[in-house]
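Report on the following structure.
Protein chains: 2
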Amino acid sequence: MESIAEMMARRARLLGPNVATFYDTPVHLVRGKGVWLWDVDGRKYLDCYNNVPHVGHCHPKVVEAISRQAATLNTHTRYLHSGILDYLDALMTRFDARLTSAIMVCSGSEANDVALRIAQAVSGKTGVISTDRTYHGNTTAVSQLSVRKPPIGGYGGHVRHVKAPDSLRPLNGTGGAEFAAAFTHEVRAAVQSLQDSEFGVSALMICPFFANEGFPDLPPGFLDGAIRAVRDAGGLIIADEVQPGFGRLGSHFWGHERMGFVPDVVTIGKPMGNGHPVAAVVAGHDTLAAFRNAFGYFNTFGGNPVSCAAASAVLEVIDAEGLVENAFEVGEYARARLRELAGHYPVIADVRGAGLFFGAEMVLDEAQTPATAFTRRVVEGMRQRGILLNSGGLGEATLKIRPPMVFSRENADLLVDTLADVLAETPVIA
Amino acid sequence: MESIAEMMARRARLLGPNVATFYDTPVHLVRGKGVWLWDVDGRKYLDCYNNVPHVGHCHPKVVEAISRQAATLNTHTRYLHSGILDYLDALMTRFDARLTSAIMVCSGSEANDVALRIAQAVSGKTGVISTDRTYHGNTTAVSQLSVRKPPIGGYGGHVRHVKAPDSLRPLNGTGGAEFAAAFTHEVRAAVQSLQDSEFGVSALMICPFFANEGFPDLPPGFLDGAIRAVRDAGGLIIADEVQPGFGRLGSHFWGHERMGFVPDVVTIGKPMGNGHPVAAVVAGHDTLAAFRNAFGYFNTFGGNPVSCAAASAVLEVIDAEGLVENAFEVGEYARARLRELAGHYPVIADVRGAGLFFGAEMVLDEAQTPATAFTRRVVEGMRQRGILLNSGGLGEATLKIRPPMVFSRENADLLVDTLADVLAETPVIA
Numbered sequence: 156m157e158s159i160a161e162m163m164a165r166r167a168r169l170l171g172p173n174v175a176t177f178y179d180t181p182v183h184l185v186r187g188k189g190v191w192l193w194d195v196d197g198r199k200y201l202d203c204y205n206n207v208p209h210v211g212h213c214h215p216k217v218v219e220a221i222s223r224q225a226a227t228l229n230t231h232t233r234y235l236h237s238g239i240l241d242y243l244d245a246l247m248t249r250f251d252a253r254l255t256s257a258i259m260v261c262s263g264s265e266a267n268d269v270a271l272r273i274a275q276a277v278s279g280k281t282g283v284i285s286t287d288r289t290y291h292g293n294t295t296a297v298s299q300l301s302v303r304k305p306p307i308g309g310y311g312g313h314v315r316h317v318k319a320p321d322s323l324r325p326l327n328g329t330g331g332a333e334f335a336a337a338f339t340h341e342v343r344a345a346v347q348s349l350q351d352s353e354f355g356v357s358a359l360m361i362c363p364f365f366a367n368e369g370f371p372d373l374p375p376g377f378l379d380g381a382i383r384a385v386r387d388a389g390g391l392i393i394a395d396e397v398q399p400g401f402g403r404l405g406s407h408f409w410g411h412e413r414m415g416f417v418p419d420v421v422t423i424g425k426p427m428g429n430g431h432p433v434a435a436v437v438a439g440h441d442t443l444a445a446f447r448n449a450f451g452y453f454n455t456f457g458g459n460p461v462s463c464a465a466a467s468a469v470l471e472v473i474d475a476e477g478l479v480e481n482a483f484e485v486g487e488y489a490r491a492r493l494r495e496l497a498g499h500y501p502v503i504a505d506v507r508g509a510g511l512f513f514g515a516e517m518v519l520d521e522a523q524t525p526a527t528a529f530t531r532r533v534v535e536g537m538r539q540r541g542i543l544l545n546s547g548g549l550g551e552a553t554l555k556i557r558p559p560m561v562f563s564r565e566n567a568d569l570l571v572d573t574l575a576d577v578l579a580e581t582p583v584i585a
Numbered sequence: 156m157e158s159i160a161e162m163m164a165r166r167a168r169l170l171g172p173n174v175a176t177f178y179d180t181p182v183h184l185v186r187g188k189g190v191w192l193w194d195v196d197g198r199k200y201l202d203c204y205n206n207v208p209h210v211g212h213c214h215p216k217v218v219e220a221i222s223r224q225a226a227t228l229n230t231h232t233r234y235l236h237s238g239i240l241d242y243l244d245a246l247m248t249r250f251d252a253r254l255t256s257a258i259m260v261c262s263g264s265e266a267n268d269v270a271l272r273i274a275q276a277v278s279g280k281t282g283v284i285s286t287d288r289t290y291h292g293n294t295t296a297v298s299q300l301s302v303r304k305p306p307i308g309g310y311g312g313h314v315r316h317v318k319a320p321d322s323l324r325p326l327n328g329t330g331g332a333e334f335a336a337a338f339t340h341e342v343r344a345a346v347q348s349l350q351d352s353e354f355g356v357s358a359l360m361i362c363p364f365f366a367n368e369g370f371p372d373l374p375p376g377f378l379d380g381a382i383r384a385v386r387d388a389g390g391l392i393i394a395d396e397v398q399p400g401f402g403r404l405g406s407h408f409w410g411h412e413r414m415g416f417v418p419d420v421v422t423i424g425k426p427m428g429n430g431h432p433v434a435a436v437v438a439g440h441d442t443l444a445a446f447r448n449a450f451g452y453f454n455t456f457g458g459n460p461v462s463c464a465a466a467s468a469v470l471e472v473i474d475a476e477g478l479v480e481n482a483f484e485v486g487e488y489a490r491a492r493l494r495e496l497a498g499h500y501p502v503i504a505d506v507r508g509a510g511l512f513f514g515a516e517m518v519l520d521e522a523q524t525p526a527t528a529f530t531r532r533v534v535e536g537m538r539q540r541g542i543l544l545n546s547g548g549l550g551e552a553t554l555k556i557r558p559p560m561v562f563s564r565e566n567a568d569l570l571v572d573t574l575a576d577v578l579a580e581t582p583v584i585a
């Protein structure tokens, strides 16, 4: 059997350098089922991290839908096929009545790339506002919104970054309405800056759960002032639901519903096909028309019958198995248990999240210094004990937990009990 | 059963306006097998157009590979999996030894978007040269290369379009070496223009078969002068093999081999997974490293185990069934029969192509005026008789024929015999 080192060498040769893996010793996976993954040595892992296998790894209903359609017909949307129409009819019942139409694509990056152009077509402007800790995808255009590494080709000057909301360290030192007011103030300044530039305001692109920003605790209505500022300037609100969508947050099917607003454009991706490459851009008919009329967009793979079969099966399983309700209940339970644990470990400064997207932020001191190295050690300790999770947010010091939606109370107990063991043996040192 | 009109209304509502379909009366397909497609009324069509189902619609080996892997494990490349490594090891044997490594993505558009940035990372420049009749994909960055509709957001000024080679109407009125010299001259002027601008030369992006330009008859070496001009200026050669790749041209596995050059970057897509959304960017290790080191690229779906299983099965079937040889033989046979037909129909000005990517250009007069409307009628007539094909090239007046690679002599006979019938009854009027 090929060793981990041999596989890593093959990766370096075939994929190029700097191709990230998770964990000090990468995991060589060979099988998945529900919330479980198995490595090549037969070791079993509880998957507490992967949001793409939304209804569980290798869900038989999704596998069957893919297999059946792949054996029947797979072609593109220049022929008529009921698959894409039936899927979108089902999908649209999950959205506010103002969101009626969609473009199907292959990845969240493609979806966000289209979304940015929809906003340009409607507004006639090109300036975009995003947060300073976000990630919306990897195309040339979308990578302009990230600050992780400067995009190749350089920044275009049309993006304004606003400080990501941080409920543990609110901008003005307070919570509540003033916390929201501070964010609104940031967005207003960005709007003004774009209006004073050659670019103007086309869109605010935002994950309504601020998933990459460490999913701060935000009250419904938190974004209202910011949204008003962007719309008053003629800009569109693009909600990137690639991470929080499809019921993951438990209380609502979409992150924007939980925050209490209706976006102009919604992008969806990762969980949509349970791993099959499918994504979409959803908007009102006229909004989409502005893009469709200005630009002859066609996506060869987008909306193909197999992708639509996979996506339809995912929607059906979410309902049939009550997975949104499960996300709510198990998420609440897991967070209650984590809060109990936090009472014993001051390093856990905050337990937060919604449904099955949650975590715990680790800090070193009362100044809330991110416990980056400590969190790293906890993540590795969990992996050693067969629990897969990771970290994100400020200083990568927030445990990021977003398991398949079939995660049970029993799974949550195993997660928290194991975390207690790991915390007990991991010294809190910088 | 839902009527065509009802489906079209549902499409307009759910997909927005201007979503193109093929043919005056769109085809509602429900089943495919090999070279055959069936519509909802049970009518059978010979598919002479679709290059995505490369080894035939619903090939059982590909379906089985997808079904098996989807039931076993589907995750991403931050875990180790042998699927991507085994696939790329197999794929790299098809390339010149200088092309060693790859980034796997979901679509040809994503591949070309990455390819443009690889060229930027290596060259430090941003200017791109492409032809004035090309199409390389639909991301914001890649759509800058198309002239069909102005990209939303406007042109960036960094693209120079050179006149597409046209073997029926060579630039300098002659063929042979002077034809190539004229193209080289165009590219040299574009290089100079970019060097005189703020952008500099990063790449020539080109389909080595000029698929969207009407696949002109070009001798090996035709591109040598143009390639030298770009490389002398520090630019890279990106070969977009999304259409000609995977043996379609019969004589070679890749279009660039047939033209006798080794690109710096190759993009592959459509046929790679026989319809499963998978694509890739192939380059030398150091070339890829320049991009990987400058930019933390990760693609959630790219290189997932199911995509790799589909792509591996496609490579295996191509070999097991001798499909490259078949493309050569059946393509030669079909073109010989088309040339015979052209002897009776002066409207057919040229029969050309390679392997199973070929067609016939229709002109109205000795001035070679494209017979656009006539060709449209022929395409519709063929569809009425159960043969699916389409047109492209200058004035959309070149029949474009690129069936699944399992196309047989018998299929070619049916194609040409039916075309004879359609030509006999279609009046040649503008």
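Just so you know, the sequences run in chain order L and V. In short: position in the first sequence from 1, add 155, done, that's the working numbering. In short: position in the second sequence from 1, add 155, done, that's the working numbering. Cβ atoms here follow ideal geometry from the backbone N, Cα and C, with glycine treated the same way.
If you draw a 10 Å sphere on the C-beta of residue 429 (chain V), you find 16 or more other C-beta atoms in it, and that means buried. Within chain V, the residues placing a beta-carbon under 7 angstroms from that of residue 276 (chain L) are 307, ordered along the chain. The Cβ atoms of residue 538 (chain V) and residue 573 (chain V) do not sit closer than 8 angstroms to each other.
Non-local beta-carbon contacts of residue 542 (chain V) in its own chain, meaning distances under 8 angstroms to residues more than five positions away in sequence, involve 200, 201, 203, 569, 570, 573, 574 in chain order. Collapsing the DSSP output to three states places residue 431 (chain L) in a strand. Relative to the Cα of residue 284 (chain V), the nearest Cα in the group V:299, V:259, V:315 belongs to V:315. For residue 313 (chain L) and residue 550 (chain L), the gap between their C-alpha atoms comes out near 27 angstroms.
Residue contact check for residue 159 (chain V) against chain L: a CB pair falls below 8 angstroms. Assigned with DSSP and collapsed to three states, residue 294 (chain V) falls in coil, not helix or strand. Non-local beta-carbon contacts of residue 372 (chain V) in its own chain, meaning distances under 7 angstroms to residues more than five positions away in sequence, involve 322, 507 in chain order.
Under a criterion of Cβ atoms nearer than 8 angstroms, the residues of chain V adjacent to residue 261 (chain L) are, in order, 261, 262, 265, 432, 456. With fewer than 16 other Cβ atoms inside 10 Å of its own Cβ, residue 196 (chain V) counts as exposed. For residue 562 (chain L), the closest alpha carbon among the candidates L:526, L:482, L:469 is that of L:482. When Cβ-Cβ separations below 8 angstroms define contact, residue 233 (chain V) makes contact with chain L.
For residue 181 (chain V) and residue 485 (chain V), the gap between their C-alpha atoms comes out near 29 angstroms. DSSP places residue 273 (chain V) inside the alpha helix (DSSP H), whose first and last residues are 263-278. Within the same chain, 517, 518, 519, 526, 529, 578, 583 come within 8 angstroms of residue 502 (chain V) by CB-CB distance, once the 5 residues on both sides are set aside.
In this structure, the straight-line span from the alpha carbon of residue 352 (chain V) to that of residue 319 (chain V) is close to 23 angstroms.
Under a criterion of Cβ atoms nearer than 8 angstroms, the residues of chain L adjacent to residue 451 (chain V) are, in order, 173, 175, 303, 304. Residue-level contact by beta carbon fails for residue 351 (chain L) and chain V, as no gap is shorter than 8 angstroms. Burial is judged here by how many other beta carbons sit within 10 angstroms of a residue's own beta carbon; residue 248 (chain V) has fewer than 16 and is exposed. The C-beta of residue 362 (chain V) comes no closer than 8 angstroms to any C-beta of chain L. Chain-order list of chain L residues neighbouring residue 226 (chain V): 213, 218, by C-beta distance under 7 angstroms. At a C-beta separation below 9 angstroms, residue 447 (chain L) has these neighbours in chain V: 170, 171, 172, 173, 174. Residue 256 (chain L) is a Cβ neighbour of residue 439 (chain L), given a cutoff of 8 angstroms.
Comparing alpha-carbon positions, the option among L:370, L:402, L:340 lying closest to residue 379 (chain L) turns out to be L:340.
With a threshold of 8 angstroms between beta carbons, residue 181 (chain V) makes contact with chain L. In the assembly as shown, residue 396 (chain L) is a buried residue. Its beta-carbon has 16 or more other beta-carbons within 10 Å. Cβ contact annotation for residue 420 (chain L) (same chain, cutoff 8 angstroms, sequence separation greater than five): 270, 273, 274, 358, 391, 392, 393, 394, 436, 437, 438, 442, in chain order. Taking the Cα positions, residue 242 (chain L) is about 14 angstroms away from residue 473 (chain L). The beta carbon of residue 300 (chain V) is closer than 7 angstroms to those of 283, 285, 289, 291, 314, 360 in its chain, skipping five residues each way along the sequence. When the alpha-carbon of residue 217 (chain L) is set against those of L:205, L:188, L:448, the nearest one is in L:188. The alpha-carbon of residue 426 (chain V) is positioned some 43 angstroms away from that of residue 386 (chain L). Considered as a whole, the region 471-507 of chain V harbours 478-499 as its complete alpha helix (DSSP H) runs of no fewer than 4 residues, in chain order. Taking a beta-carbon distance threshold of 8 angstroms, residue 244 (chain V) counts as an interface residue toward chain L. Around residue 553 (chain L), no beta-carbon contact reaches into chain V at under 9 angstroms, the shortest distance being about 18 angstroms.
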